[in-house]
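> Below is one structure. I have some questions about it.
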Amino acid sequence: MRIAGVYSFKDGKEQVEKKYPALLKEIKAVTSVVSAEEHRTKESKEKTMLGKMLFDPSALNETIKADFLGRGWKAVKVPCEYPTKYYSSDYIPKALNKGAFREMDFVKEKLGIEVQFGKYSFMVYNVCAKMTIFRNLGHIDTGVEIVPIKRFADEMSTGVSYFEQFVWDLESRGVADIDIPVLILGIDA
Numbered sequence: 018m019r020i021a022g023v024y025s026f027k028d029g030k031e032q033v034e035k036k037y038p039a040l041l042k043e044i045k046a047v048t049s050v051v052s053a054e055e056h057r058t059k060e061s062k063e064k065t066m067l068g069k070m071l072f073d074p075s076a077l078n079e080t081i082k083a084d085f086l087g088r089g090w091k092a093v094k095v096p097c098e099y100p101t102k103y104y105s106s107d108y109i110p111k112a113l114n115k116g117a118f119r120e121m122d123f124v125k126e127k128l129g130i131e132v133q134f135g136k137y138s139f140m141v142y143n144v145c146a147k148m149t150i151f152r153n154l155g156h157i158d159t160g161v162e163i164v165p166i167k168r169f170a171d172e173m174s175t176g177v178s179y180f181e182q183f184v185w186d187l188e189s190r191g192v193a194d195i196d197i198p199v200l201i202l203g204i205d206a
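Encoded structure:
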């Protein structure tokens, strides 16, 4: 795969280049060694692409994960303790907090990475909520979001979001005071 698009959200590109140049080289190395064609293994059952061989997002994720973990990146998982004080007095929740957690795909030093080959809402959540939460908890100070460009997403199942759509929405939304710097990388097969 190769990096085909770069978007700097709240000076994310500049911050990653300044604070984490060695880690940026690792990110580029990981994306460049993955052969997307080896993961064109999913036969479509969708009416609009029946029988067409598509890229398998799960297989791509697993290959990327193995490479990052092999370079010393770690997933960070934090338990969630959901508050119960907001329920009405006559409601008693059952096992509300049991096993609840949030997880960041990869963290090294204070740089967090999310790889997203899924639905659009997850991209927005990663950058506009999860990364801020992980910063507030002291795990990261800067983020990187890796997503497919449209051409690549078009060769996956219907509904996979893409770089161009994500950038448009972030630019239209603007930057909030609570946002953190995020480098968004659009990758292509």
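So in my numbering, the last one in the sequence shown is 206, and the numbering has no gaps at all. Cβ atoms here follow ideal geometry from the backbone N, Cα and C, with glycine treated the same way. Everything numeric in this text was worked out from a predicted model, so none of it was measured.
#1: Looking at F123 and Y24, is the spacing between their C-beta atoms short of 9 Å?
#2: Would you call I163 buried or exposed, if buried means 16 or more other Cβ atoms sit within 10 Å of its Cβ?
#3: Which term fits R152, buried or exposed, when burial requires 16 or more other beta carbons within 10 angstroms of its beta carbon?
#4: Could you give the distance in angstroms between the alpha-carbon of I166 and the alpha-carbon of I195?
#5: Among the residues of its own chain, which have a CB less than 6 Å from the CB of P96, if the five just before and after it don't count?
#6: Between which residues of its own chain and A39 is the CB-CB distance below 6 Å, once the five residues before and five after are set aside?
#7: Starting from A76 and walking both ways along the alpha helix (DSSP H), at which residues does that stretch end?
#8: On the criterion of 16 or more Cβ atoms from any shown chain inside 10 Å, does V50 qualify as buried, or is it exposed?
#9: In the structure shown, what three-state DSSP assignment does T65 receive?
#10: Let's test the definition: count the other Cβ atoms within 10 Å of the Cβ of G89 and tell me whether it reaches 16, buried, or not, exposed.
#11: Apply the 10 Å Cβ neighbour rule to L128 and answer buried if 16 or more other Cβ atoms are within range, or exposed otherwise.
#12: Quick one: Cα of M18 to Cα of A83, how far?
#13: Mapping DSSP to helix, strand and coil, what is A21?
#14: Identify the continuous beta strand (DSSP E) that holds D186 and give its terminal residues.
#15: Based on the DSSP secondary-structure assignment, which residues constitute the bridge partners of M121?
#16: Excluding five sequence neighbours on each side, which residues of the same chain lie with their C-beta closer than 7 Å to the C-beta of Q32?
#17: Tell me which residues share the same chain as G68 and place their Cβ nearer than 7 Å to its Cβ, disregarding the 5 neighbours each side in the sequence.
So, from the listed chains and residues:
#1: Within the sequence shown, the letter at position 7 stands for residue 24. Within the sequence shown, the letter at position 106 stands for residue 123. Not in contact: Y24 and F123 (Cβ atoms no closer than 9 Å).
#2: Position 146 of the sequence shown, counting from 1, holds the residue named residue 163. Buried.
#3: If you number the sequence shown from 1, residue 152 lands on position 135. Around the beta carbon of R152, 16 or more other beta carbons lie within 10 angstroms, which makes this residue buried.
#4: Here residue 166 is taken as the residue at index 149 of the sequence shown, counted from 1. Here residue 195 is taken as the residue at index 178 of the sequence shown, counted from 1. When rounded, the distance between both Cα atoms is 27 Å.
#5: Residue mapping note: residue 96 aligns to position 79 of the sequence shown, counting from 1. Correct list, in chain order: F118.
#6: Taking the first residue of the sequence shown as 1, we reach residue 39 at position 22. No residues qualify anywhere along the chain.
#7: Against the sequence shown, residue 76 aligns to sequence position 59. Here the alpha helix (DSSP H) through A76 covers 74-87.
#8: Mapped onto the sequence shown, residue 50 falls at position 33. Exposed, because fewer than 16 other Cβ atoms sit within 10 Å of the Cβ of V50.
#9: Mapped onto the sequence shown, residue 65 falls at position 48. In this structure, T65 counts as helix in the three-state DSSP scheme.
#10: Locating residue 89 in the sequence shown gives position 72, where the first residue counts as 1. That one is exposed.
#11: In the sequence shown, the residue the question calls residue 128 occupies position 111. Only buried fits L128, as 16 or more other CB atoms lie within 10 angstroms of its CB.
#12: As a first step, residue 18 is located in the sequence shown; it is residue number 1 there, counting from the start. As a first step, residue 83 is located in the sequence shown; it is residue number 66 there, counting from the start. If I take the Cα positions, the gap works out to 15 Å.
#13: Locating residue 21 in the sequence shown gives position 4, where the first residue counts as 1. Three-state DSSP puts A21 in a strand.
#14: Along the sequence shown, one-based indexing puts residue 186 at 169. Unbroken run through D186 is the alpha helix (DSSP H), 180-190; no beta strand (DSSP E).
#15: In the sequence shown, counting from the first residue as 1, residue 121 sits at position 104. The partner list for M121 (beta bridge, DSSP) reads V93.
#16: Here residue 32 is taken as the residue at index 15 of the sequence shown, counted from 1. Excluding sequence neighbours, Q32 sits near T159, P198.
#17: Your numbering for residue 68 matches position 51 in the sequence shown. Cβ neighbours of G68 beyond the five flanking positions: E60, S61.
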